[in-house]
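**Student:** In my numbering, the protein residues as written are 3 to 521.
Think of the CB as a built atom: it goes at the ideal place given N, C-alpha and C, for glycine as much as any other residue.
One structure follows; several queries about it will come next.
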Amino acid sequence: MKLRDVNTTDIGSAIRAGCRTMASVFNADDNDVPFFGSQVWPDPHLAFSSVHDESHVPGRHLNALLTAESLGFPIDEEAVEKHARAAFFSYGGPLPLPLNRDRIDGPLQNFRPHNVREGFHALYALARFRDSQRACDVAEASINTINRHWDPNRGWAEKQIAEGYNVNFHHQGTFITGLGRAIGPLVKYYRATGYGPALELAILLKEKAVEEYFLADGSYDTDRFGDHTHSTTCVMSSLAQLADLLNDAPLMDRVRAFYARGLWEIRDQLGWVIESSAPDAPPDRGEANNTGDILETALILGRWGYAEAYDDAERILRGHLLPSQLRDVSWIVEPANPAGQDGRRDVANRHWGAFGFPAPYGHHPVGLPRVAFNMDIVGGAVASLCEAYRETTRFDAAGHWVNLLFDHETDALKVESPYTGNGLVVTLKQPGPLFVRVPGWANDPPQLTGVVGQPMRTGGYLLLANPPVGAPLRFSLKLPATQLLLRHRTRDVRVRLRGDEVVAMDNFAQKYTFFDAIA
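Given below as structure tokens:
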């Protein structure tokens, strides 16, 4: 069954749909704390999690929702208030770290270092976009607590935390799957507030990450990193954010080395990432926010002058991340609900716009007994799409930049995509030099009409030094038909492309697929 309304062209539409999902996930049976667990087949429902509900989901969603709002997308303010209430609730236990309950009516008593990242994302978003002094107070207390109870050589003072605060300390694997994940939101928090100890802690975590994990050779090893691949990809993107903040070229070189080598142990050419790198993990089960982390890293590398990273970003968007959003819910059957549980109410509608654990070809990877869209993933994917939307075009001291070939309009210019029209058309609204990225697959130099002379080729871009304002500039850009072979652990997946857009793919007779099958 090929799904309807599979999106390959519209980043804004995907952001709006995801924001709708994030406003639909609150558990009326739990004081509107958001659900974490999700399943849409064979037994559709939303579920409480003793691991990730209040400590994890609000941070992901607040980061995404409030970033989307800053870009001009409408959001549900009541949803923001509910997520904020849940986030502050998670910090309301015996110490200022994000905690969880064993059961809905139980106390906050479980601490997992894995969730510190999401806690800081909530506090960052509320501090930056809602000017929340309460969020700043909690963030500062949390940073102080981490400095007192964690050391880069000895790790966490687990016994002191467990006995001194009556908290269950749940150690989760490696530094990368734990506290290392927090580098990114600490960088964001510092950018938003200028609070120096946040930057200091981010740098301390970075030093451990590059000394022991993200090595100069760019290698990846499951035993070293841990098999939770989202932790690896989010630390990679975090290091890129820190390098960007500090203009730290050696650190960015570490990111590039891993991006070019180790990352390919867990990703494919479309940006799909295996959900777990454990040897026995399902070979086609991915995770959308892992893909989003690669996308965000590619955007930063592109901004640093590596235009080929924008090639990767565009293929990731058109070939996997956008198509993997759940926009056709016609196949999700409403479950029986004799007890009137909120988690079994209106399940299909509440999932519309979600992201989850897709294969490259569809929502149901070969061999899996269920299809799920855990709610935290929606926030991760939408936040990454917001970064892509922001970076599609840029207007800075050098001029106008067209980095991704999507339909896009700002106060500075308007872009009409070759994927939705006839060639690439750029119309400037403000004067300045114009740089237009030439995709790596372009067989012939794009020809320009609408201006006298032809542009200069430089660094993967076409440069027009003095383009006219208000006159459409049309670049002839033919989208070539090409093929890829995605080599997964137990099967190869054939892909046919039009430019960076997938037009057909092997689907192994699975249901709920994104593309036409290759005969």
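With a Cβ-Cβ cutoff of 8 Å, do V8 and P96 count as a contact?
**Tutor:** Locating residue 8 in the sequence shown gives position 6, where the first residue counts as 1. Locating residue 96 in the sequence shown gives position 94, where the first residue counts as 1. It is not a contact, given that the beta carbons lie outside the stated cut-off.
**Student:** For the candidate residues V495, L479, T147, whose alpha-carbon lies nearest to that of L486?
**Tutor:** Position 484 of the sequence shown, counted from the first residue, corresponds to residue 486. Comparing Cα positions, the closest option is V495.
**Student:** Taking Cβ to Cβ, would you say I185 is nearer than 8 Å to G228?
**Tutor:** As a position in the sequence shown, residue 185 is number 183, starting the count at 1. As a position in the sequence shown, residue 228 is number 226, starting the count at 1. No, the Cβ-Cβ distance between I185 and G228 is not below 8 Å.
**Student:** Which residue comes first and which comes last in the beta strand (DSSP E) that contains S40?
**Tutor:** The residue you call residue 40 lines up with position 38 of the sequence shown. Looking at the DSSP string, the run of the beta strand (DSSP E) that includes S40 is 39-41.
**Student:** What residue does the beta strand (DSSP E) around Y167 start on, and which one ends it?
**Tutor:** The sequence position of residue 167 within the sequence shown is 165, counting from 1. It is not in any beta strand (DSSP E) - Y167 instead sits in the alpha helix (DSSP H) that spans 160-167.
**Student:** Apart from the five residues just before and just after L406, which ones in its own chain have a Cβ nearer than 6 Å to its Cβ?
**Tutor:** Sequence index remark: in the sequence shown, residue 406 carries index 404 (1-based). So the qualifying residues of the chain are E316, T394.
**Student:** Tell me, please, whether the stretch 304-313 touches the stretch 420-428 by the rule of three or more beta-carbon pairs shorter than 8 Å.
**Tutor:** no
**Student:** My assumption, with CB atoms under 8 Å, is that V380 sits in contact with F357. Please give the rounded CB distance.
**Tutor:** Within the sequence shown, the letter at position 378 stands for residue 380. Within the sequence shown, the letter at position 355 stands for residue 357. So it is a contact: roughly 5 Å between Cβ atoms.
**Student:** Alpha carbons only, please: which of G264, L488, F131 is nearest the one belonging to Y191?
**Tutor:** One-based indexing of the sequence shown puts residue 191 at position 189. The residue with the shortest Cα to Cα distance from Y191 is F131.
**Student:** Mapping the DSSP letters down to three states, classify H402 as helix, strand or coil.
**Tutor:** Counting from one through the sequence shown, the residue named residue 402 turns up at place 400. Three-state DSSP puts H402 in a strand.
**Student:** At which residues does the alpha helix (DSSP H) containing Q243 begin and terminate?
**Tutor:** Against the sequence shown, residue 243 aligns to sequence position 241. Looking at the DSSP string, the run of the alpha helix (DSSP H) that includes Q243 is 231-248.
**Student:** Are L450 and H402 closer than 8 Å when you measure CB to CB?
**Tutor:** As a working note, residue 450 is residue 448 in the sequence shown. As a working note, residue 402 is residue 400 in the sequence shown. Taking 8 Å as the Cβ cut-off, L450 and H402 do not qualify as a contacting pair.
**Student:** For I276, which beta-bridge partners are listed by DSSP?
**Tutor:** The residue given as residue 276 occupies position 274 in the sequence shown. Looking at the DSSP assignment, I276 forms a beta bridge with G288.
**Student:** Grouping DSSP H, G and I as helix and E and B as strand, with all else coil, what is P187?
**Tutor:** Locating residue 187 in the sequence shown gives position 185, where the first residue counts as 1. In this structure, P187 counts as helix in the three-state DSSP scheme.
**Student:** Could you tell me if S51 is buried or exposed, where buried requires 16 or more neighbouring beta carbons within 10 angstroms of its beta carbon?
**Tutor:** Looking up residue 51 in the sequence shown gives position 49. With 16 or more other Cβ atoms within 10 Å, it is buried.
**Student:** Between the beta-carbon of G61 and the beta-carbon of A16, is there less than 8 Å?
**Tutor:** Within the sequence shown, residue 61 is the residue found at index 59, counting from 1. Within the sequence shown, residue 16 is the residue found at index 14, counting from 1. Against a cut-off of 8 Å, the Cβ pair of A16 and G61 comes out as no contact.
**Student:** Output needed for T23: all residues of its chain with C-beta closer than 6 Å, excluding positions within five of it in sequence on either side, in chain order.
**Tutor:** On the sequence shown, position 21 is the one that residue 23 refers to. Excluding residues within five positions, the ones whose Cβ falls inside 6 Å are G355, A356, V380.
**Student:** I believe A204 touches V189 by the beta-carbon criterion, under 8 Å. Please report the beta-carbon distance rounded to the nearest angstrom.
**Tutor:** Sequence index remark: in the sequence shown, residue 204 carries index 202 (1-based). Sequence index remark: in the sequence shown, residue 189 carries index 187 (1-based). Confirmed, Cβ separation roughly 5 Å.
**Student:** Strictly by DSSP, which residues pair up with P470?
**Tutor:** Here residue 470 refers to the residue found at position 468 of the sequence shown. In the DSSP secondary-structure assignment, P470 is not bridged to any residue.
**Student:** Please report the residue range of the alpha helix (DSSP H) in which Q135 lies.
**Tutor:** Counted from its first residue, the sequence shown places residue 135 at position 133. 135-151 is the span of the alpha helix (DSSP H), which, as asked, contains Q135.
**Student:** Is the beta carbon of L488 less than 8 Å from the beta carbon of Q271?
**Tutor:** Taking the sequence shown and counting its residues from 1, the one referred to as residue 488 is at position 486. Taking the sequence shown and counting its residues from 1, the one referred to as residue 271 is at position 269. Cβ atoms of L488 and Q271: closer than 8 Å.
**Student:** Just curious, the beta strand (DSSP E) that V495 is in, first and last residue?
**Tutor:** Mapped onto the sequence shown, residue 495 falls at position 493. First-last of the beta strand (DSSP E) with V495: 494-500.
**Student:** Is the stretch 137-155 touching the stretch 73-82 in the sense that three or more CB pairs, one from each, lie closer than 8 Å?
**Tutor:** no
**Student:** Using 8 Å as the threshold, is the stretch 360-369 in touch with the stretch 18-38, meaning 3 or more CB pairs across them?
**Tutor:** no
**Student:** Applying the 10 Å Cβ sphere with the 16-neighbour rule, what's the burial state of R320?
**Tutor:** Sequence index remark: in the sequence shown, residue 320 carries index 318 (1-based). Looking at its Cβ environment, which holds 16 or more other Cβ atoms inside 10 Å, R320 is buried.
**Student:** How many Å lie between H54 and F216 at the Cα?
**Tutor:** Working through the sequence shown from its first residue, we reach residue 54 at position 52. Working through the sequence shown from its first residue, we reach residue 216 at position 214. Approximately 27 Å, taken between the alpha carbons.
**Student:** What is the DSSP secondary structure of A300, counted as helix, strand or coil?
**Tutor:** Here residue 300 refers to the residue found at position 298 of the sequence shown. When secondary structure is reduced to three states using DSSP, A300 falls in the helix class.
**Student:** Ends of the beta strand (DSSP E) at K416?
**Tutor:** Looking up residue 416 in the sequence shown gives position 414. Counting along the chain, the beta strand (DSSP E) containing K416 begins and ends at 415-418.
**Student:** Under 8 Å between the Cβ atoms of G452 and L479?
**Tutor:** Within the sequence shown, numbered from 1, the residue matching residue 452 stands at position 450. Within the sequence shown, numbered from 1, the residue matching residue 479 stands at position 477. Contact: no.
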